[in-house]
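For reference, the structure discussed in these notes is given below.
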Amino acid sequence: TRKFGFKSVKYRYNRGHWKLFNETDGSVEAFEWSDSNKFSGNLNRAYATDFLFDRAQEYINKNIKKGKPYALTLSIADPHAPNDVRPPYDSMFNDMNFDFPDTGAVAMRKQPMLPGWAALDFDPEEAEANIAAYQDGSEWQTLMRKKFGMIKLIDDRVGKLLRFLKRKDQTHNTIIVFTSDHGDMMGEHARDSKGVPYKSSASVPMIITWPGKIQASKTVETSYSSVDFLPTLLGLMGVDFDPNDYQGIDGSDEILSSELVSTSNQTRFFTDSKKKKWAAAVNHRYKMVVSRGEPWFFDMQLDPDELTNYFDDIQYKDVVSDMKNQLIDAMVAFQFPLTKRLSALVNTPACNDAKDQLEDLQYRICSDFTMEKYSSGCKWPSIAEKCPFSCNNCQCEDSEGDLWLDGSLKTCSNATDDTSYCSDPVVQKYCRRTCGLCTILN
Numbered sequence: 001t002r003k004f005g006f007k008s009v010k011y012r013y014n015r016g017h018w019k020l021f022n023e024t025d026g027s028v029e030a031f032e033w034s035d036s037n038k039f040s041g042n043l044n045r046a047y048a049t050d051f052l053f054d055r056a057q058e059y060i061n062k063n064i065k066k067g068k069p070y071a072l073t074l075s076i077a078d079p080h081a082p083n084d085v086r087p088p089y090d091s092m093f094n095d096m097n098f099d100f101p102d103t104g105a106v107a108m109r110k111q112p113m114l115p116g117w118a119a120l121d122f123d124p125e126e127a128e129a130n131i132a133a134y135q136d137g138s139e140w141q142t143l144m145r146k147k148f149g150m151i152k153l154i155d156d157r158v159g160k161l162l163r164f165l166k167r168k169d170q171t172h173n174t175i176i177v178f179t180s181d182h183g184d185m186m187g188e189h190a191r192d193s194k195g196v197p198y199k200s201s202a203s204v205p206m207i208i209t210w211p212g213k214i215q216a217s218k219t220v221e222t223s224y225s226s227v228d229f230l231p232t233l234l235g236l237m238g239v240d241f242d243p244n245d246y247q248g249i250d251g252s253d254e255i256l257s258s259e260l261v262s263t264s265n266q267t268r269f270f271t272d273s274k275k276k277k278w279a280a281a282v283n284h285r286y287k288m289v290v291s292r293g294e295p296w297f298f299d300m301q302l303d304p305d306e307l308t309n310y311f312d313d314i315q316y317k318d319v320v321s322d323m324k325n326q327l328i329d330a331m332v333a334f335q336f337p338l339t340k341r342l343s344a345l346v347n348t349p350a351c352n353d354a355k356d357q358l359e360d361l362q363y364r365i366c367s368d369f370t371m372e373k374y375s376s377g378c379k380w381p382s383i384a385e386k387c388p389f390s391c392n393n394c395q396c397e398d399s400e401g402d403l404w405l406d407g408s409l410k411t412c413s414n415a416t417d418d419t420s421y422c423s424d425p426v427v428q429k430y431c432r433r434t435c436g437l438c439t440i441l442n
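According to my numbering, the residues represented by the sequence shown are 1 to 442, in order.
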């Protein structure tokens, strides 16, 4: 069994979000919730959250009695599918009705439309019915109630563990960190689960308590990433280590500083997995996302819901350029999956369609006019102007600036270096003149 640096991994389970555990004579057996009929133990002790918290408390108590220091990672799978939780938490929120998020509603209406890296196949004409199905339907409401039940159980068990440490007079010398590996969209931007760079998916808490060492109510606004957790925790514990052994940053000095609110312009980077859809950079205020679609730049202070793309706004020219360069350097240095794609856009194409539902023609978006049933709409001057790419109404010009092409930044002048380049849809859109996709008028 791979231990990943831990001394004991007896209760670690991977590749499965088991809901029930049973330990007999030192042997642990796991059960899916669907197999609960095969389980005969005490549900309040065997449910995964309870079981793991109890084992953690036993481990802590054993080390307290021995007077030994310890480092323990308690990883709780919930809230996670399957969306089931033990009584009474399974019905604790049945009297609550959850509102469908505003960002989910505007995404379904395509006002504004989602970025390409978050695109979902919604027909705007069916938006109100889909929103009502979420808001008023039993499926989504049940899911939310069960999730809140799972979270409430975790909250109760955290409280029980904190009370235990207080009874044992250990709060003054125990660093407690509450964090997570990812978030959950929960209907934001019309999505569930994770996998996108929106803050609901990618932002996680890191709540730390260490009485007498870390100020109460201290807030760190500086951007950090999960790779920073290990060196930061080692720094807090006073463990000597070589910073060159880790990619992460040791943020312990900032956490222990006397500033009640601390902020630095530190940029961190993250990416999707093998899908190779996007790569992102984020600091305390801004977020940059690049993909095979047009690049997006968020100002999370002015636009906390992440709905507006400020990439081409002249007011952000300098910060966009700086974050874009940092992100490209990180993509190369850390071999982000997106770099394995033939192409990606780091600048906006010269010929680009409007992205939202069109005011001129209700329920329609520019890409609809590539379909035969809607193609006549391109005869309208207002539609042809807003949808030049879909209506084949582009100027015969290449786009300015670089694009990611075959492992590095290149310009359209390089698009003929390899015969395969101009067969790529992204290159075709960015380098229309070089790829011979338009007619030059004398």
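Note that CB positions come from ideal geometry on N, CA and C, so glycine has one too. These figures come from a predicted structure and were not determined experimentally.
Taking the straight line between their C-alpha atoms, what separation do you get for residue i and residue j?
i    : j    : result
P124 : K160 : 48 Å
Q296 : D90  : The amino acid occupying residue 296 in the given sequence is Trp; Gln does not appear at that position. The straight-line gap from Cα to Cα measures roughly 40 Å.
E259 : L236 : 17 Å
P79  : L437 : 50 Å
A48  : Y316 : 48 Å
K379 : Q362 : 16 Å
M185 : K66  : 44 Å
M144 : F98  : 7 Å
A333 : T308 : 29 Å
A127 : D368 : 16 Å
K62  : S27  : 20 Å
G212 : L165 : 16 Å
T103 : A280 : 20 Å
V106 : W140 : 18 Å
N392 : T370 : 9 Å
I207 : F31  : 31 Å
F229 : F100 : 33 Å
W404 : V282 : 20 Å
G195 : D360 : 34 Å
Q395 : A384 : 12 Å
V346 : D54  : 50 Å
Y374 : I365 : 10 Å
S203 : E306 : 13 Å
Q247 : K146 : 37 Å
K7   : I328 : 38 Å
Q326 : V220 : 22 Å
P381 : D356 : 18 Å
L302 : S40  : 54 Å
K277 : M108 : 21 Å
D406 : Q215 : 49 Å
D272 : P337 : 8 Å
H284 : S262 : 10 Å
Y59  : P69  : 11 Å
V158 : F122 : 40 Å
G377 : M288 : 34 Å
D197 : I175 : The displayed chain sequence assigns Pro, not Asp, to residue 197. Taking the straight line joining both Cα atoms gives about 30 Å.
Shortest alpha-carbon distance to residue i belongs to which of the options?
i    : options                : result
E397 : F21, T411, W404        : T411
R12  : T24, D35, D25, F51     : F51
L234 : L72, Q57, N94, A119    : L72
K19  : S8, N83, L74           : N83
V9   : F39, S75, N44, K38     : S75
S399 : S375, D418, C435, S420 : C435
S34  : F6, A81, E23, F148     : A81
N44  : G377, N37, S36, R86    : R86
R341 : L409, G183, I131       : L409
M150 : S413, R167, F93, A118  : F93
F148 : I131, M96, S138, N130  : M96
In three-state terms, what does DSSP make of residue i?
i    : result
F297 : strand
N236 : The residue you asked about is not Asn; residue 236 is Leu in the sequence shown. Residue state, collapsed to three classes: helix.
D192 : coil
T174 : coil
W404 : strand
S223 : coil
N442 : Residue placement at N442 is poorly supported in this model, since its pLDDT is 42, which falls under 50; the coordinates still yield a value, given next. DSSP places N442 in coil when its eight states are reduced to three.
M323 : helix
C435 : coil
R91  : Per the sequence shown, the amino acid found at residue 91 is Ser instead of Arg. Note: S91 maps to coil in three-state DSSP.
I154 : helix
K146 : helix
L409 : strand
M96  : coil
T416 : coil
A216 : coil
Given 8 Å as the limit, is there contact between the region 289 to 296 and the region 248 to 260, that is, 3 or more CB pairs closer than that? Judged by Cβ distances under 8 Å, the region 289 to 296 makes no contact with the region 248 to 260, as fewer than three pairs qualify.
Can you list, in chain order, the stretches of the beta strand (DSSP E) that have 3 or more residues and sit fully within the region 9 to 78? If we require 3 residues or more, the beta strand (DSSP E) runs fully inside the region 9 to 78 come out as 20 to 24, 27 to 31.
Unbroken beta strand (DSSP E) runs of length 3 or more, entirely within the region 238 to 292: which are they? Runs found: 268 to 271, 278 to 282, 286 to 291.
The region 341 to 355 in contact with the region 418 to 431 per 3-pair CB rule at 8 Å: Yes: the two stretches touch, three or more of their Cβ pairs being nearer than 8 Å.
Quick one: which unbroken alpha helix (DSSP H) runs of 4-plus residues sit fully inside the region 348 to 402? Chain order, please. For the region 348 to 402, the full-length alpha helix (DSSP H) segments reaching 4 residues or more read 381 to 386 along the chain.
Three or more C-beta pairs under 8 Å: does that hold for the region 223 to 230 against the region 255 to 270? The region 223 to 230, when compared against the region 255 to 270, does touch it at the 8 Å Cβ threshold.
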